[in-house]
Every structure is written in structure tokens, then in C-alpha cells.
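What follows is a set of notes on a single structure, which appears directly below.
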Amino acid sequence: MSSWKEKPFRFTLIFGLVILGLVILPFFTELYYQTFLTELFVWILFAISFDLIFGYTGLLSFGQALFFGIGGYTVTILTRKYGLGTEPGLLLCILIPMLFAWFVGYFSVKLTGIHFVIITIIFAIIANIIGDTWTSLTGGKDGLTFSPRPFRLGFFQVNLMDIKGNYYFVLAVVAVCYLILRRIVQSPLGKIFISIRENEERARLIGYNVQRYKLIAFIIAGGLSGLAGGLYSITLKYVGAGYLHWSVSGHAVVYTIVGGMGTLIGPVVGTGIILSLEHYLVNFLQATDLVVGIVLVVMVLLAPKGIVGLIQSRWKKGKSSA
Amino acid sequence: MTSNIAIAMMNGIVWGLIMALIALGLNLIFGLLHVINMAHGALYMLGAVVAWYLIEFTGSFWIALIIAPLFVGLIGVAIERGLIRTIEDKPIITIICTFGIMLVIQELVLMIFGGAPRRIDSPITQRFPIFELQYPVMRIMIAFISVVLMSGLWIFLKKTKYGLWMRAVVQDREMAAGLGIPVTKVYMWTFAVGSALAAFSGVLAAPIVSVEFMMGREVLIMAFIIVIVGGMGNLAGSVVAAVLISLIQGVGSIFVSPSMAMVFSLAILIIVLLVRPQGLFGE
Amino acid sequence: MVGERERANNIFYSQRPSRVDGKLHKGEGFMVEKKPKKKEGILRKEISRRDFIKTTAMGAAGLGIGSWLTVPFTYGAEPPIRIGMFNEYSVFATEYGYWMGKVAKTAVAKMNAEGGIAGRKIELFDYDTKCDPKWAASMFRKMVLEDKVDMVMGSIHSGVQKACFPLAEEYKVPLFSGGAMTYEFTGKDAIPYYIRNHSHARSQALAGWKWAFDNLGKKWTFLNADYAWGHSLAREFGGLIKAAGGKTQDIFAPPATADFIPYLQKVDPDTEVLFTAFLGTAALGVLRQTVEIGLHKRLQRYTVICCTEGIGQDVVGKESIGAYYIEYHPRHLDQVPKELHPYEMAYRKACGVDENGREIGNPKVTIAGSHMYSMWIYPYQIKLAIEQTGWKNRNNNADMIRAIRSQKLKAGPWCPIGDLVMREQDHQGFSDFYISKVEPDLKLKVIERIPKEKVMYPSETDLTKKV
Numbered sequence: 005m006s007s008w009k010e011k012p013f014r015f016t017l018i019f020g021l022v023i024l025g026l027v028i029l030p031f032f033t034e035l036y037y038q039t040f041l042t043e044l045f046v047w048i049l050f051a052i053s054f055d056l057i058f059g060y061t062g063l064l065s066f067g068q069a070l071f072f073g074i075g076g077y078t079v080t081i082l083t084r085k086y087g088l089g090t091e092p093g094l095l096l097c098i099l100i101p102m103l104f105a106w107f108v109g110y111f112s113v114k115l116t117g118i119h120f121v122i123i124t125i126i127f128a129i130i131a132n133i134i135g136d137t138w139t140s141l142t143g144g145k146d147g148l149t150f151s152p153r154p155f156r157l158g159f160f161q162v163n164l165m166d167i168k169g170n171y172y173f174v175l176a177v178v179a180v181c182y183l184i185l186r187r188i189v190q191s192p193l194g195k196i197f198i199s200i201r202e203n204e205e206r207a208r209l210i211g212y213n214v215q216r217y218k219l220i221a222f223i224i225a226g227g228l229s230g231l232a233g234g235l236y237s238i239t240l241k242y243v244g245a246g247y248l249h250w251s252v253s254g255h256a257v258v259y260t261i262v263g264g265m266g267t268l269i270g271p272v273v274g275t276g277i278i279l280s281l282e283h284y285l286v287n288f289l290q291a292t293d294l295v296v297g298i299v300l301v302v303m304v305l306l307a308p309k310g311i312v313g314l315i316q317s318r319w320k321k322g323k324s325s326a
Numbered sequence: 104m105t106s107n108i109a110i111a112m113m114n115g116i117v118w119g120l121i122m123a124l125i126a127l128g129l130n131l132i133f134g135l136l137h138v139i140n141m142a143h144g145a146l147y148m149l150g151a152v153v154a155w156y157l158i159e160f161t162g163s164f165w166i167a168l169i170i171a172p173l174f175v176g177l178i179g180v181a182i183e184r185g186l187i188r189t190i191e192d193k194p195i196i197t198i199i200c201t202f203g204i205m206l207v208i209q210e211l212v213l214m215i216f217g218g219a220p221r222r223i224d225s226p227i228t229q230r231f232p233i234f235e236l237q238y239p240v241m242r243i244m245i246a247f248i249s250v251v252l253m254s255g256l257w258i259f260l261k262k263t264k265y266g267l268w269m270r271a272v273v274q275d276r277e278m279a280a281g282l283g284i285p286v287t288k289v290y291m292w293t294f295a296v297g298s299a300l301a302a303f304s305g306v307l308a309a310p311i312v313s314v315e316f317m318m319g320r321e322v323l324i325m326a327f328i329i330v331i332v333g334g335m336g337n338l339a340g341s342v343v344a345a346v347l348i349s350l351i352q353g354v355g356s357i358f359v360s361p362s363m364a365m366v367f368s369l370a371i372l373i374i375v376l377l378v379r380p381q382g383l384f385g386e
Numbered sequence: 023m024v025g026e027r028e029r030a031n032n033i034f035y036s037q038r039p040s041r042v043d044g045k046l047h048k049g050e051g052f053m054v055e056k057k058p059k060k061k062e063g064i065l066r067k068e069i070s071r072r073d074f075i076k077t078t079a080m081g082a083a084g085l086g087i088g089s090w091l092t093v094p095f096t097y098g099a100e101p102p103i104r105i106g107m108f109n110e111y112s113v114f115a116t117e118y119g120y121w122m123g124k125v126a127k128t129a130v131a132k133m134n135a136e137g138g139i140a141g142r143k144i145e146l147f148d149y150d151t152k153c154d155p156k157w158a159a160s161m162f163r164k165m166v167l168e169d170k171v172d173m174v175m176g177s178i179h180s181g182v183q184k185a186c187f188p189l190a191e192e193y194k195v196p197l198f199s200g201g202a203m204t205y206e207f208t209g210k211d212a213i214p215y216y217i218r219n220h221s222h223a224r225s226q227a228l229a230g231w232k233w234a235f236d237n238l239g240k241k242w243t244f245l246n247a248d249y250a251w252g253h254s255l256a257r258e259f260g261g262l263i264k265a266a267g268g269k270t271q272d273i274f275a276p277p278a279t280a281d282f283i284p285y286l287q288k289v290d291p292d293t294e295v296l297f298t299a300f301l302g303t304a305a306l307g308v309l310r311q312t313v314e315i316g317l318h319k320r321l322q323r324y325t326v327i328c329c330t331e332g333i334g335q336d337v338v339g340k341e342s343i344g345a346y347y348i349e350y351h352p353r354h355l356d357q358v359p360k361e362l363h364p365y366e367m368a369y370r371k372a373c374g375v376d377e378n379g380r381e382i383g384n385p386k387v388t389i390a391g392s393h394m395y396s397m398w399i400y401p402y403q404i405k406l407a408i409e410q411t412g413w414k415n416r417n418n419n420a421d422m423i424r425a426i427r428s429q430k431l432k433a434g435p436w437c438p439i440g441d442l443v444m445r446e447q448d449h450q451g452f453s454d455f456y457i458s459k460v461e462p463d464l465k466l467k468v469i470e471r472i473p474k475e476k477v478m479y480p481s482e483t484d485l486t487k488k489v
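Protein chains in written order, with our numbering: chain Y, 5 to 326; chain R, 104 to 386; chain W, 23 to 489.
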């Protein structure tokens, strides 16, 4: 699939350089870029968790917003109401969405194709309605604000109310998650996911319990989406019913398709391009959705493997002539 | 109480028939082209918006009712030929592509038509008394027109050459092509008819609902639900499902809060999906 | 070889025929007659992919260079005062956004023409909230950190404003509410960096309940949108009605309801006043359908002007004749109190609005007259505060807030709505209200003016202790 895999040294080098660059960036740029990048990291995490389930396992789930929102609400409500620290909050915003993902996934993976899409959307709609109406818990559409506690790891403490602290914290978490996901997709487990995407029938005939693996992928993706939601609410100091709306899932779809599905680097690139484009365009016009829609249609038609796919296919063509 | 339920039932049937038109269009497009048209709600909205402009120019609702769907049908043809044709056999990709098309159509309408809702006058303003309320005759008319359109579709599919071709392509695409049926033309017409049906719905609903660039969003999800419950590819199933769901929601909202009614019906939908994914009437 | 066949079955490669053993293999759903077309299509596509990359790269480079070139140069002049603004320009409630933005830009342009603030020009930055609190928070950050604004104003969406509260406090940048109606923002959720010079659910209820209770009826039904705004209106009005011995009934419908007949059926047969609260098409629907089923013959219709801001009464329809609205500033010029006419006429002229609240040159567009004035007045309030306190930059924002919250503005060209009283404890502004009735010619005629003193409830918080 990807030539990166064959050269772990090259990957480590490039990854290391990128992280190093991001770490020293705050010393050279203004605060705005730090906040922008912090948000970017969160969406990247959301997009790569979506890629796990769509790009690698072949399940189009429009319901990831459900877990994103649950993660966000978990951290916010626990910190607000019970004064929970950020460390347990972070753990719970992975675990609790995972539980929900188990529940939703258990039913959803029994279905395939369009039915899977619809059932995931329906779960998300139900969650959205509950989020809108259970205002005593969720604050409804207006949402809830809170102040996250500093993050402590041994002697090391990061103040999350501070822009720089927030930036490094999110960067660290997302980088670690990226590495973990990379490990997963390169492992035998990841290969099973890919085989399910390629040909579900054949995977079943070989002897894999396809539904169980789909569920595993769904749970992992749900947990990471939840973590993204938690990080987002920590960054914004705010959570609202809007976190649960299916258009949030739509964002993940756009980023992943544009960047290149089925490759972890694709969603990273896609998120970066689309988000930067949107933030840049708001200086000139208001109809950014129009541009995003056009980009989406163009990409789907001309480059269904995304930008990364384009680059990869040119790379391959340059190397050999099959 | 009986009067409440009776009126709720009448209402449910009227809305069910409007939704049936939309669902039929969606079902047709999916059944034949295997395209999941996320832009269907936008086409419904487009029908209403075009009708508004036509009424501004001509002052006649009936002219708009005929012409707006034709115009939207043409747009459907353009979408099919230009954009969707290359990806017709990949349902997942079509979802994403039509999602993008939906965004584009909505934003364009926002830019041109504006964000404020506008109204279309009912051509018929009479009411007739029923229990202690006055029920608008227009709604009955809408239901009637809906039924006429659906019958027209039925005749078209069962009795005409094109209808036969469409049914053949649904059954077995390769065989139909082998028999000399111009499959690509059939695809084009199907998308056109599906879009036109959505537009008809939009024009019919506009006097009740008013015209606004976001009006397609709520309708889209409902349309998908109806198609799934009725059975994808089963046109009669869509009609029955549309009326049934509408009735249940209408009568249900008398007893419980609307949000709870919605959650409840969605939960039931999940159960239907799990137990009978082919829909209540699907094969 | 196996890999090739696998790729043939892959969802992405099924449109590209693969060659195995020199023979052409079809993917799924591959049509016999389509084969030659697809082959050409592929070649065409491959070329266009290359072009695609080239053009996007050039486009991106062009955009990058272009933005660099438009950085303005100033030579030692006093830096401008930067005001950030965001409004709802897409998704929903866009008729509000249109007018809030237009009035704000007009006000800033006028103020600049008259010499700016303390001799400094005002620079206005404008963004879309998209009715999305998360996106709006992003834009708030962009304005504060990239555009380096000194303060932010605008928006009528309460979720948007709530999401910006933590940011306003963190960056010490005041948020001036364009038109959010949640009472708690200057009540129990109030923060020092939030200022509101317009009405909200509680002040509207206090203004509007008594007259209606005495003149329209004592038994009310609330048919409101099922979310925070609808609930708060039902709660505020309902509480006052019940306390005075009246009877209330609550019916909530989804905000996007198209068909109101099921809900209208539930209205109590002996209800005298039907109070509705919806936005957008639902607002049109509820008024129209109330009349369609004949309910208007046995009860009075009462609502807040928020339901038809930016929407002409002709669009709402003849069905609205006889309905009552609570306005915060009359839509029609001749309904505005006589003593305010000179200011009102100048204000309307500047904003391109005629005497009936229509946009000049575009009569289909109606003003959001009861909301947009907040954006006209804020620049003036900011000007007074800055010139009074000697504010130099963002670090002096706390001084500016202390000045603004105790302002008592008299009617004038910058305050055409009449006197505006700001209250220190909760940063809330108070002005007069009006109760209007829709006449047969679809005009909103003022039948009662409610002075602000009747509306000034006791403050629930004391922000003077915080800043």
C-alpha cells in the first residue's frame, strides 16, 4: 500500500522533524497560529479516527459526532459538577464514548452499506435531540462553559487555561494517538480491517468473525473520536449540543476524502488543507461552504484517493512502469 | 379528543402524500442507479425556490407547479450526466459526492435568493368546517394532486415503453443492455424524473411551509427513513411507509412531546432496520 | 498478479480496467457498452489530474502572494481602533445578520467621517458565525489574536455568545451582544466582559405582560419553539401571568415545524390569548395556520417582534391582521415617538431604510428594526467611554467597561431609540418598549408605549465587585 511502511527509519525521521518543528513553532509565531494549530490537531485526531473506520475498515459512519459530543460533555460535566481533574477526565472521555460505541456498534455492524450509514445517522440524531432537550444536563444548544484543571503527570504540570500550555498538551496527545493508530493499522489487526474493506465475504470465508472485528474498529474509532471531543472542549472551554450534530461527522468525511482515505497521513493533510482554506477564505467571502462543497465534488470525481493518493500514484508511476 | 385524532389523521395523510412524492423520487434514483442522493432535499428546496420566482413573474401557482419540476428535472439531468455518471456503481462515493452537491446548491441559493423566508400564496383559500376547526381546502387539493402524480408515475412505469425499460434495468442491468435498451439514457431519465418528483413536492409544500434555502435538510432525513422502512426499490412500499409514518407522528404528537415522539419513532426505526433491513415491504 | 485482481474488485479501481494476463478484466457493475468510453475517460482523467495539481499549486501560490501584498502600510499615524464583529450570515436567521452587519458598517463609516474616536480611525472586522458556536469561537479567537481587535460585537445567537464567554474573559476583550435574548447572560451567568444594551426574554415579558393581561385576556396558551428561547419566553411571561391570577398552558413544537395543526388543536377551548414564539418559516407557518383553521376568531394572537424581524408583514400575510406584537423599536417611522423623529430620520437615511422599514432600492427587504439599533449605539458607547477614560489600547479594557456600564444616554443622533440606561451591576441596558397591532393595511401600529422604568427588575448579580 504505502511505501512508508517499508522504511520505518524514514518515517521516524520525518515524524520526528515535524513534531520538532511544531514544538519550536510557538517561539517564532504569534498566538493566533498556536490556537489555530491546536484546533487543527483536534480535528486531525477526529479525522484519523474516522479514517480507521472508513478508510481502513470500509464502514461509512456519519455518526462519529455522537462520540465526539459525548467525549466533550464527559470532560465538561465532570469538571464542572464534580471538580474532576483533567487526567481522569481525559481517560473517561476515551472510555465512556467507547462504551457508547460498543452499544451503538453492536447493533450497527449487523448492517452493511447504506443501512449502516443510516443507522449511524439515526443514533446521532437521537443523541442530538437528547442533547438539545435535556438542558439541565447539557445546557441545550447554548451549551456549558467550564475551566479545565491543569494537567499533571508526575512532577510535570501543564496549565490548560494558557494558550501555549493548551497547544503542547493537545499536540502531545494527538501525536501519541497518531503513533498508536499507526501501530494498529500496521499490525495484523489492521490487516484484518483492510481485508474486511476489500472483500468482506472473503474475509468471512477465511474464518474471521467479521462482525467482531468491525465492532472492534468501531469501538477504537469511537474512543478516539471521544478523545477528540474532550480535547476540543478543553481547548474551547465550552461544549454544546452542536458537538452532536451530524454535520460534525460530515467534516471528518470531507477531510478524509480530500486528504486520502485509507492512509493515516491523508486525513492529516486533508484536515490541514480544508481548515486552512476555510480560515483563509473568511477574510474575503462568507460562502466558505460553497468552496468546500465544490472541492469535495471535484476531489471525489477526479481524485477519489485524495491528495495523498494522487501523490502516491505519481510516485509509483515515476518509479516503475507496471 | 376524537376530533383531535380525526384532524391529526387527515393531516397525517396529507403530509404523508407529500413526503411520498419525495421518497418516491429518492427510491427511484436508488433503485435504478444505486445512487444515494443526499442532494434530494436540496432539489425539493430548489423546486420551491424556482416556483417562487415563477409566481413572481407569472402570478400563477399552477404554471409554477408544472414548470418548476421540469426545470429541476433538467438540473437533475445535468447533475447525472456531468457529475454522477462516472461513479454510479459505487454507492458510498455517491453519498459523498451528492453531499457536496447539496452544499453547493444550498450556498448558491443563499447567495441568490437570500436567507429570509418568503411565502407563496395558496391559490385556493377556501376552508371547510370540520368539528370546531376550519380545515383548508388547499391541503385536500395537495393530497389530490399528489395522488394524481403518483398514479401518473404508476401508469408511466407499467404502461409505457420507457417505464418498461426502467423496470428492466432495475431487474437486470446487463441483460437489459444486452437486449438493446439504452441504459445510459434510462439512467438520465430516471434521475430527471426523481428530481422532478422532489421538486413537485417542494412546490406543493411551499404554500404551507414557506420557502427558505434550508428547507431541504429536515425533509432529507425523513425521506431516507421512509425509503428504508418501505424497502429500497419498492415504490409502493415507500408510499405506504410515508403515510404510515406521517400518521404515527401526527397522532403521536397529540399525546407526547414532539421531541419524545421523534426519539421514539427513530428508536422504532432502528428496530425495523435491525429486524428487517430490507424494509417492511422489501423483498 | 493476485494483487492486480484484487485491485479490480476494489471499490476505487472498479472503474479502471486492469490488465491481467494481457486480458481486460472488468470491475463490478462494468457495462459492456461502456468499455470504450471509459478507456478514453481514463486518459482524459489522467491528464486532468496533472493539470489539477498544477493549477491548484499556482492558485495557492497566487493567493499567498496576494495576501502578502495587501498588508497595509501606515507611517507613524496613531494605530486604528479595531472592532471585531460577527453575525449570522448563513445557515439561519440570516435576515438579522444582514441588518446587524449593515448598520454596524454604516455607523463605523459615519463615525470615521466625523473624526473617529479620540482622533483615531475605527477598523471593523466582519465574520460569519454560521450559527455554530464552535466556529464562532474560532472566529472570535481569530479576531482577537490575528486581527488584534480591541473588542468584539454582534451576533444574536445565544450559543455563539456563550461559547465566547471563556474567550472574552481569557483575553480580556469585551463582547457586546448584538441581540442574544437569553436572560441569564446578564443574570446568573453574567461575566464582567459581557455587555448588552438591548432587551431579553425577561425584560420583554415585564414590558409586555401587563397590558395584554388587562386588555387581551387572562387565560394564555404558549405555543413556542422547543428550545431555550421558546422555553424562557414561556417561563417569563407565564410566571407573571400566573402570579397575577391568570391561567397558562404550554405547548412546545420543534423549531422547524412545518405543520402546526396538530399543535393548534391542543389549544384549550377557553384560552383567550395565544402567544407564539418561532423563528423563520415556522413563525410564518404558525400565524398563518392559526388563521387557516379559524382559531383567530376566538382568541387574540400575541408575540414578540423577533418572529418577524427582517420579514415584511406582507410576507407574513393578511393572516397577521389583528395580531399583536411587542416591538423594541417601531418598524414604521410615523409610529416612532415624535420627539425622536429627527434622530430616527437621520439614522434611517444613513442605513438606506425608508419610512416603512423597507430597504431603499430593494423594497422586498425589511429591516430587523428592533434588533439592529444595538449595533448603531455600541460604537457611540465605545466612543464615549474611550474619550472619557483616556483608553489607549486593550490593556485599558477594564476601564472602558467600567465607563460603559454606567452610561445614561439621552436620545440623540447616536441614540435614536430614546433614552438608554445602562445598569452597572449586570451590564444590562434598558430602553422603552412598544406594543403594536397589525392593521388591515398590514402596518404595525403602536398602541402602547411601555417606559423602561416598568421593566427594570432587580439585578441578580453584582459585576462591580468583579471588575
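Positions of the beta carbon are idealized from the N, C-alpha and C atoms, including for glycine.
Short CB-CB distance (under 8 Å) between W:I343 and chain R: In the third sequence, counting from the first residue as 1, residue 343 of chain W sits at position 321. At least 8 Å separates the CB of W:I343 from every CB of chain R.
Given R:S304 as reference, the closest of R:I324, R:M291, R:L252 once Cα atoms are compared: Residue 304 of chain R sits at position 201 when you count from the first residue of the second sequence. If we check each option's Cα against that of R:S304, R:L252 comes out closest.
In chain order, each beta strand (DSSP E) run of at least 3 residues that lies wholly inside the region 290-343 of chain W: If we require 3 residues or more, the beta strand (DSSP E) runs fully inside the region 290-343 of chain W come out as 295-299, 322-326.
Y:T16 versus Y:A245: straight-line alpha-carbon distance, rounded: Within the first sequence, the letter at position 12 stands for residue 16 of chain Y. Within the first sequence, the letter at position 241 stands for residue 245 of chain Y. Approximately 39 Å between the Cα atoms of the pair.
Element boundaries [beta strand (DSSP E), containing R:R379]: Sequence index remark: in the second sequence, residue 379 of chain R carries index 276 (1-based). It is not in any beta strand (DSSP E) - R:R379 carries neither H nor E in the DSSP assignment.
Spatially closest choice to R:S349 from R:I187, R:A126, R:V180, by CA coordinates: On the second sequence, residue 349 of chain R is found 246 positions in, with the first residue counted as 1. Checked all of R:I187, R:A126, R:V180; the closest Cα to R:S349 is R:A126.
Where Y:F159 falls: helix, strand or coil (DSSP): Here residue 159 of chain Y is taken as the residue at index 155 of the first sequence, counted from 1. Three-state DSSP puts Y:F159 in coil, outside helix and strand.
Simplified DSSP state of W:T204, which is helix, strand or coil: Your numbering for residue 204 of chain W matches position 182 in the third sequence. It is coil, neither helix nor strand.
Cβ shell of W:F147 (< 8 Å), same chain only, five flanking positions each side left out: Locating residue 147 of chain W in the third sequence gives position 125, where the first residue counts as 1. Short of 8 Å from the beta carbon of W:F147, and not among the five residues preceding or following it, lie these beta carbons of its own chain, in chain order: R104, I105, G106, M107, M165, D169, V171.
Boundaries (first-last residue) of the alpha helix (DSSP H) holding Y:E282: Against the first sequence, residue 282 of chain Y aligns to sequence position 278. Counting along the chain, the alpha helix (DSSP H) containing Y:E282 begins and ends at 269-285.
Reference R:V152; option with closest CA among R:A308, R:I190, R:W257, R:K193: In the second sequence, the residue the question calls residue 152 of chain R occupies position 49. Sorting R:A308, R:I190, R:W257, R:K193 by C-alpha distance to the C-alpha of R:V152 places R:A308 at the top.
Beta-carbon proximity check, R:A142 vs R:I208, cutoff 8 Å: Residue 142 of chain R sits at position 39 when you count from the first residue of the second sequence. Residue 208 of chain R sits at position 105 when you count from the first residue of the second sequence. Contact flag set, yes.
For W:W233, the nearest candidate out of W:A266, W:Y215, W:V113 (CA to CA): Position 211 of the third sequence, counted from the start, is the residue given in the question as residue 233 of chain W. Per the Cα distances, W:A266.
Among R:N107, R:I311, R:S360, the one whose alpha carbon lies nearest that of R:T228: As a first step, residue 228 of chain R is located in the second sequence; it is residue number 125 there, counting from the start. Of R:N107, R:I311, R:S360, the residue nearest in Cα terms is R:I311.
Residue-chain proximity (W:A159, chain Y), Cβ-Cβ < 8 Å: Residue mapping note: residue 159 of chain W aligns to position 137 of the third sequence, counting from 1. At least one chain Y Cβ lies under 8 Å of W:A159.
Residues that Y:K168 contacts on chain W, provided the C-beta gap is smaller than 9 Å: Taking the first residue of the first sequence as position 1, residue 168 of chain Y is located at position 164. Counting only Cβ-Cβ distances below 9 Å, Y:K168 has no contacts in chain W at all, with the closest Cβ about 12 Å away.
is_contact[W:P364, chain R] using C-beta, thresh 8 Å: For the purposes of this step, residue 364 of chain W is taken as residue 342 along the third sequence, with counting starting at 1. No - not a single Cβ of chain R is within 8 Å of the one on W:P364.
Coil, strand or helix - Y:V301 by DSSP: In the first sequence, the residue the question calls residue 301 of chain Y occupies position 297. Note: Y:V301 maps to helix in three-state DSSP.
Endpoints, the beta strand (DSSP E) within which R:S341 is located: Residue mapping note: residue 341 of chain R aligns to position 238 of the second sequence, counting from 1. Premise fails: R:S341 lies in the alpha helix (DSSP H), 338-358, not in any beta strand (DSSP E).
Whole-Å CB distance - W:M5 paired with W:I399, under 8 Å assumed: Beyond the ends of chain W as shown, which are 23 and 489, falls residue 5 of chain W; an answer cannot be given.
Straight-line gap, W:I273 to R:P239 (C-alpha atoms, nearest Å): As a working mapping, residue 273 of chain W is identified with position 251 in the third sequence. As a working mapping, residue 239 of chain R is identified with position 136 in the second sequence. Within the model, the alpha-carbon separation for W:I273 versus R:P239 is close to 22 Å.
Coil, strand or helix - W:Y249 by DSSP: Residue mapping note: residue 249 of chain W aligns to position 227 of the third sequence, counting from 1. The answer is coil: DSSP assigns W:Y249 none of H, G, I, E or B.
Y:I311 versus W:H222: straight-line alpha-carbon distance, rounded: Counting from one through the first sequence, the residue named residue 311 of chain Y turns up at place 307. Counting from one through the third sequence, the residue named residue 222 of chain W turns up at place 200. Inter-residue distance for Y:I311 and W:H222 is about 49 Å (C-alpha atoms, whole angstroms).
Residue environment, Y:I118, which counts as buried when at least 16 other CB atoms sit within 10 Å: Translated into the one-based positions of the first sequence, residue 118 of chain Y becomes position 114. By the Cβ-count criterion, Y:I118 is buried, with 16 or more other Cβ atoms from all chains shown falling within 10 Å of its own Cβ.
Within chain W, partners of R:L136 - CB distance below 9 Å: Translated into the one-based positions of the second sequence, residue 136 of chain R becomes position 33. None at all; the shortest Cβ gap to chain W is about 11 Å.
Identified DSSP bridge partners for W:A275: In the third sequence, residue 275 of chain W corresponds to position 253, counting from 1. Answer is W:A247.
For W:R445, the first and last residue of its enclosing beta strand (DSSP E): By one-based count along the third sequence, residue 445 of chain W stands at place 423. From DSSP, the beta strand (DSSP E) with W:R445 extends over 442-445.
Neighbour-count burial assignment, Y:Y86, 16 or more Cβ in a 10 Å radius: Within the first sequence, the letter at position 82 stands for residue 86 of chain Y. Result: exposed.
Validate contact between the region 48-59 of chain Y and the region 267-274 of chain Y using beta carbons, cut 8 Å, 3 pairs: Result yes; three or more Cβ-Cβ pairs closer than 8 Å.
Cβ-Cβ separation, W:A229 to W:F455 (assumed contact under 8 Å), whole Å: The sequence position of residue 455 of chain W within the third sequence is 433, counting from 1. The sequence position of residue 229 of chain W within the third sequence is 207, counting from 1. Taking C-beta atoms under 8 Å as the contact rule, W:F455 and W:A229 qualify, at a distance of about 4 Å.
At least three beta-carbon pairs within less than 8 Å, the region 232-248 of chain Y to the region 70-82 of chain Y: The region 232-248 of chain Y, when compared against the region 70-82 of chain Y, does touch it at the 8 Å Cβ threshold.
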